[in-house]
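Chemist:
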Amino acid sequence: MRVLMPFHLRDYVNRCLRSAILMAILGNGIRFGANLLLLPLVLTKLSSTEYAMWVVFIALGNFANLADFGFGAALPRVYSYLLAGAEDFDTEGMPASKSDGKPNFEGIRQLNATVRSLYLKLSLGAMFLLAFVGTAFLIKSAEKIGVPQKMWWLWMVFLVAIAYNLATSYWMLACQGLNLVRNMEIAAIFSGLGYVCCATLLLYMGAGLLSMIVATFLKGFIMREKCRRACRLVIPLSEQEVAPNPDIIKKLWPNAYKFGILSIGSYLVINGPVLICCWCLGEKTTASFGLTSQVVNFMMSFAFLWLTVKWPEIAILRMKGRLEEMAALFAKRLSLVMATFVALALVVFFAGNVILEWKGTHTRLLPRPYLAFYLIYITQQIFYVQFGALTFTENVMPLFKVSLFTGLAVIMCGVIFTPLFGLWGLVVTPFVVEMSYCSWFTVRRGFQGQPLSLRRFCRALFWRGL
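Here's what the structure looks like:
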């Protein structure tokens with residue numbers, strides 16, 4: 000039976016269903032909520048050793064994301080420029096737009112064909128490199144964690160899953176750049192549900208760590224299919240197959256390699272402490288720190304939604320010279336990002352371990368003094384990272400050296416101070432290193448790339464207009 004609604008209510012419902020931010024909230028709500036519901040099951044069904052190994056697998060698997068060496072960060076903007084009518088794109092700076100302002104579909108198709116070929120090669124290279132580097136790390140740390148023999152073939156299966164997900168990830172980048180954020184988030188909803196359902200079923204069947212690996216592959220497969228179909232609806236198919244254009248890679252490379260260096264620095268900052276913990280502090284602490292890091296990553300991805308859905312629009316506004324409008328949009332969304340993360344952090348601080356204790360899980364979050372400091376550290380990191388992302392919309396990359404040296408400093412200082420001061424050395428070191436230069440320099444550089452004064456920016460930040 001058809002449900003009758005007043006016209007204004009029906010119009011409001013339709014607008015909500017078309018909203019990118021609503022789909023983003025639902026997508027991350029499903030991933031965040033479902034993962035939280037799944038987490039007690041994971042901690043119950045996996046032993047401390049298995050969970051510690053899963054944390055290490057994730058940290059090493061994130062290393063494969065460095066294989067694109069910055070192309071993943073540079074590509075969405077190029078898609079956005081071509082969608083906005085750019086005839087071509089420049090290595091750095093803003094490109095010239097076509098006089099009619101219509102999307103450059105031919106350029107988009109050629110870019111997509113080139114990227115598909117590139118990511119296939121990168122994924123194969125990443126799989127073989129990680130097979131050597133990751134295995135060497137696991138061999139060195141096996142004695143501390145107590146790795147059983149079956150973990151080695153699970154590691155090989157995990158490598159194949161990571162390679163597939165990397166090879167097909169360019170469809171997600173295309174969706175992001177083509178302003179199909181709503182479609183991308185719908186894909187995230189389905190992939191998140193598939194991941195949780197698959198992992199839950201296999202965990203109850205007693206598959207152990209294999210459950211998480213199979214679910215990771217399924218999540219990437221669903222994401223690829225949904226994003227590919229969304230892009231195909233927007234980009235008209237060509238009558239002839241478009242061949243990859245090596246010149247596109249040459250033009251992308253000068254900026255991409257800087258993003259790649261920045262990615263290495265980010266990897267060292269984010270995943271380095273997990274690997275140092277595994278190396279220095281043993282199985283129980285690694286599982287606890289890894290669990291805390293995983294929960295915080297869920298929180299960050301949820302908070303980032305407010306800006307994630309607007310980065311294509313921000314890039315287009317910058318290209319069209321509407322800088323004050325761009326800056327006001329960024330400031331308002333930044334305030335929502337910070338407020339959301341702080342609210343979630345308070346919930347986790349006061350209720351996280353209480354819930355885990357109630358569920359009777361083997362692994363807990365960090366003890367409260369460490370957890371409080373860690374959440375404060377992540378809060379300041381979230382703030383300066385958004386200003387770095389704003390800088391990138393200028394199609395320049397001035398922060399890559401800062402990121403690399405910060406990452407190296409986090410690793411070197413972590414290796415020195417973690418054995419001396421234990422867990423405090425692990426959680427305090429990144430905060431001190433980043434605050435010494437990276438965080439304030441990144442905020443200053445991002446602020447300089449927008450036209451608002453500090454007073455007007457703060458007014459926009461607190462939703463008081465300009």
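Note that numbering that gives the first Met the number 0 has the sequence shown beginning at 0, numbered continuously upward.
Don't be surprised by glycine CBs; every beta carbon is placed ideally from N, CA and C.
(1) Any idea if Q447 is buried or exposed, counting beta-carbon neighbours within 10 angstroms, 16 or more meaning buried?
(2) In the DSSP assignment, the alpha helix (DSSP H) including I248 goes from what residue to what residue?
(3) Along the chain, which unbroken stretches of the alpha helix (DSSP H) at least 4 residues long are found entirely within the stretch 301-372?
(4) Assign A286 to one of two classes, buried (16 or more other C-beta atoms within 10 Å of its C-beta) or exposed (fewer than that).
(5) Does DSSP classify E184 as helix, strand or coil?
(6) Just to confirm, is the Cβ distance from A160 to I212 under 9 Å?
(7) Once DSSP output is grouped into helix, strand and coil, what is the label at V2?
(8) Three-state secondary structure (DSSP) at Y11?
(9) Using the Cβ count rule (16 or more neighbours within 10 Å means buried), how would you classify C457?
(10) Taking 9 Å as the threshold (beta carbon to beta carbon), is Y376 in contact with chain C?
(11) Take K309 and list the residues in its own chain whose beta-carbon comes closer than 7 Å to its own, dropping the five residues that flank it on each side.
(12) Could you give the DSSP three-state label for G207: helix, strand or coil?
(13) Is DSSP giving K101 helix, strand or coil here?
(14) Drop a sphere of 10 angstroms on the beta-carbon of M0, count the other beta-carbons inside from all chains shown, and report buried for 16 or more, exposed for fewer.
(15) Note down the Cα distance separating F6 from G271, rounded to an integer number of angstroms.
(16) Measure the Cβ-Cβ separation of Y497 and I57 and say whether it is below 9 Å.
(17) Looking at C-beta atoms only, is the number of pairs between the stretch 312-321 and the stretch 288-302 that lie closer than 8 Å three or more?
(18) Measure how close the beta-carbons of Y383 and T441 come, nearest whole angstrom, since I'm counting them as under 8 Å.
(19) Ignore the nearest five residues each way along the sequence and tell me which others in G424's own chain have a CB closer than 6 Å to its CB.
(20) By how many angstroms is the C-alpha of K250 removed from the C-alpha of P235?
(21) May I ask you to verify whether the stretch 342-361 touches the stretch 392-412, counting CB pairs closer than 8 Å and requiring at least 3?
(22) Should M155 be labelled buried (16 or more other beta-carbon atoms within 10 Å of its own) or exposed?
(23) For a test of the three-state rule: what should DSSP assign to Y78, helix, strand or coil?
(24) Cβ of A72 within 9 Å of Cβ of A162?
(25) DSSP three-state call for V395: helix, strand or coil?
(26) Would you tell me roughly how many angstroms separate the C-alpha atoms of G387 and P397, rounded to the nearest one?
(27) Using the beta-carbon count (16 or more within 10 Å), is M4 buried or exposed?
(28) Taking the alpha carbon of R473 as the point to measure from, which residue in S265, V273, L172 and R181 has its own alpha carbon closest?
(29) Okay, do the stretch 115-125 and the stretch 45-61 touch, 3+ Cβ pairs below 8 Å being the bar?
(30) Nearest CA to the CA of I375: which residue from L37, E356, P366 and V341?
(31) Assuming G124 and A66 are in contact, meaning their beta carbons sit under 8 Å apart, how far apart are those beta carbons, in whole angstroms?
(32) Please report the distance separating the alpha-carbon of A51 from that of T113.
(33) Using DSSP with H/G/I as helix, E/B as strand and the rest coil, what is W154?
(34) Give the straight-line distance between the Cα atoms of A85 and L217, rounded to the nearest whole angstrom.
Modeler: Walking through what the data contain:
(1) A residue is called buried when at least 16 other Cβ atoms come within 10 angstroms of its Cβ; Q447 does not meet this threshold and is exposed.
(2) Unbroken alpha helix (DSSP H) run through I248: P245 to C279.
(3) If we require 4 residues or more, the alpha helix (DSSP H) runs fully inside the stretch 301-372 come out as 304-307, 310-318 and 322-358.
(4) In the assembly as shown, A286 is a buried residue. Its beta-carbon has 16 or more other beta-carbons within 10 Å.
(5) helix
(6) yes
(7) For V2, the predicted model reports a pLDDT of 46, less than 50, meaning its position is unreliable; a value from the coordinates is still stated below. Note: V2 maps to coil in three-state DSSP.
(8) Residue confidence is low: Y11 scores 49 on pLDDT, short of 50, so the model does not pin down where it sits. Its coordinate-derived value is still stated next. Three-state result, Y11: helix.
(9) exposed
(10) Reference to chain C is not applicable here, since this structure consists of a single protein chain.
(11) L328 and R332
(12) Three-state DSSP puts G207 in coil, outside helix and strand.
(13) coil
(14) Note on M0: pLDDT 42, under 50, position unreliable in the model; the coordinate value appears next. By the 10 Å Cβ count, M0 comes out exposed.
(15) Reliability fails at F6, whose pLDDT of 47 lies under 50, so the model's placement of it is uncertain and no value is given.
(16) No answer is possible for residue 497: the residues shown for the chain start at 0 and end at 465.
(17) no
(18) 5 Å
(19) F416 and T417
(20) 25 Å
(21) Look at the beta carbons and you see the stretch 342-361 not touching the stretch 392-412: under three pairs across the two are nearer than 8 Å.
(22) So M155 counts as exposed.
(23) helix
(24) Contact: no.
(25) coil
(26) 9 Å
(27) For M4, the predicted model reports a pLDDT of 47, less than 50, meaning its position is unreliable and no value from the coordinates is stated.
(28) As displayed, the chain neither begins before 0 nor continues past 465, which places residue 473 out of reach and without an answer.
(29) no
(30) V341
(31) 6 Å
(32) Using only the alpha carbons, I get a separation of about 39 Å.
(33) helix
(34) Approximately 36 Å between the Cα atoms of the pair.
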